[in-house]
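**Student:** One structure, as structure tokens, below. Some questions next.
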Amino acid sequence: MKHETNPTYSGRGLGLFHPTSDGAQPFDEPTRTPRLLLRARDDHSAGVDGAWWPRTTNLTTELHDLISVLADRVGTTEQVSFDWNSMSVSQRGIDRPDGVRVSGPLPDQPPDIMYVFGTDGRRWELLVIAPMTDADGAFDTMQKAVGVDPR
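Residues 890 to 1040 (the numbering used here) make up the sequence shown, in order.
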């Protein structure tokens, strides 16, 4: 397979991306670093793998940035399952195809937990914190979610 030489506009205000032949997601570097805290790599305790505090309620507008940052841990993202709001569903309907399957929640999936599936079959669980949460509250919640003592 040959590397694509023609860039494609992402249509999300994220600029150009170059699809790659090595299976990497074809997304630019994040335009705004996601507010994300992940559990330590060697921490395999129960609970979520990380916590994400998006900037807006339209989560799909930040999805490519989130996937780009998670690539180091997740690898190539195949699917994202979440209890999307109507704004996110509408946005996703007008977005260009990007190879990531976005679905509603799986049975028994908590409404504030996002599942991110890599192509290797592993599932990552992220606690999604409401965007309108104040900064101190969000940071405390993120630390508790990944097992960091905020004191």
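For glycine and all other residues, C-beta sits at the position ideal for the given N, C-alpha and C.
In this structure, does DSSP put Ile956 in helix, strand or coil?
**Tutor:** The residue labelled residue 956 in the question sits at position 67 within the sequence shown. Residue state, collapsed to three classes: helix.
**Student:** So which of Arg928, Val969, Glu951 and Glu1014 has the shortest CA-CA distance to Gly993?
**Tutor:** Locating residue 993 in the sequence shown gives position 104, counting from the first residue. Answer by Cα proximity: Val969.
**Student:** Can you give the Cα-Cα distance for Gly988 and His953, rounded to whole angstroms?
**Tutor:** Counting from 1 along the sequence shown, the entry for residue 988 is found at position 99. Counting from 1 along the sequence shown, the entry for residue 953 is found at position 64. Roughly 11 Å between the two C-alpha positions.
**Student:** Starting from Thr966 and walking both ways along the beta strand (DSSP E), at which residues does that stretch end?
**Tutor:** Reading the sequence shown from its first residue, position 77 is the one you call residue 966. Thr966 to Ser970 is the extent of the beta strand (DSSP E) around Thr966.
**Student:** Rounded C-beta distance between Thr939 and Arg928? I'm assuming under 8 Å.
**Tutor:** For this step, residue 939 is matched to residue 50 along the sequence shown. For this step, residue 928 is matched to residue 39 along the sequence shown. Per the sequence shown, the amino acid found at residue 939 is Gly instead of Thr. Confirmed, about 6 Å.
**Student:** Just to confirm my understanding: we take Leu995, look at its own chain, exclude 5 residues before and 5 after, and list those with CB closer than 8 Å. What are they?
**Tutor:** Start at 1 with the first residue of the sequence shown, and residue 995 comes out as number 106. Within the same chain, Leu995 has close Cβ partners Ser970 and Tyr1004.
**Student:** Are the CB atoms of Thr949 and Gln980 within a distance shorter than 8 Å?
**Tutor:** The residue given as residue 980 occupies position 91 in the sequence shown. The residue given as residue 949 occupies position 60 in the sequence shown. It is a contact, given that the beta carbons lie within the stated cut-off.
**Student:** With DSSP collapsed to three states, give me the class of Gly1010.
**Tutor:** The residue you call residue 1010 lines up with position 121 of the sequence shown. Three-state result, Gly1010: coil.
**Student:** For Ser910, which three-state DSSP category applies?
**Tutor:** Working through the sequence shown from its first residue, we reach residue 910 at position 21. Residue placement at Ser910 is flagged as unreliable, the pLDDT there being 47, under the threshold of 50; a coordinate-derived value is accordingly withheld.
**Student:** Do you know offhand how far Ala935's Cα is from Arg1012's?
**Tutor:** As a first step, residue 935 must be located in the sequence shown, where it is residue number 46. As a first step, residue 1012 must be located in the sequence shown, where it is residue number 123. Each residue's alpha carbon lies about 13 Å from the other.
**Student:** Which residue marks the beginning of the alpha helix (DSSP H) containing Gly1026, and which one marks its end?
**Tutor:** As a position in the sequence shown, residue 1026 is number 137, starting the count at 1. Here the alpha helix (DSSP H) through Gly1026 covers Ala1024 to Ala1034.
**Student:** Determine the burial state of Gly904: buried for a count of at least 16 other Cβ atoms within 10 Å of its Cβ, exposed for fewer.
**Tutor:** Counting from 1 along the sequence shown, the entry for residue 904 is found at position 15. Model confidence at Gly904 stands at a pLDDT of 42, short of 50, so the residue's coordinates are unreliable and nothing is read from them.
**Student:** Rounded to whole angstroms, what's the CA-CA distance from Leu925 to Pro1000? Just pull it up for me.
**Tutor:** Working through the sequence shown from its first residue, we reach residue 925 at position 36. Working through the sequence shown from its first residue, we reach residue 1000 at position 111. Distance between the alpha carbons of Leu925 and Pro1000 is about 18 Å.
**Student:** Taking the beta carbon of Ala1024 as the centre, do at least 16 other beta carbons fall within 10 Å, making it buried, or is it exposed?
**Tutor:** Here residue 1024 is taken as the residue at index 135 of the sequence shown, counted from 1. It is exposed - the Cβ of Ala1024 has fewer than 16 other Cβ atoms within 10 Å.
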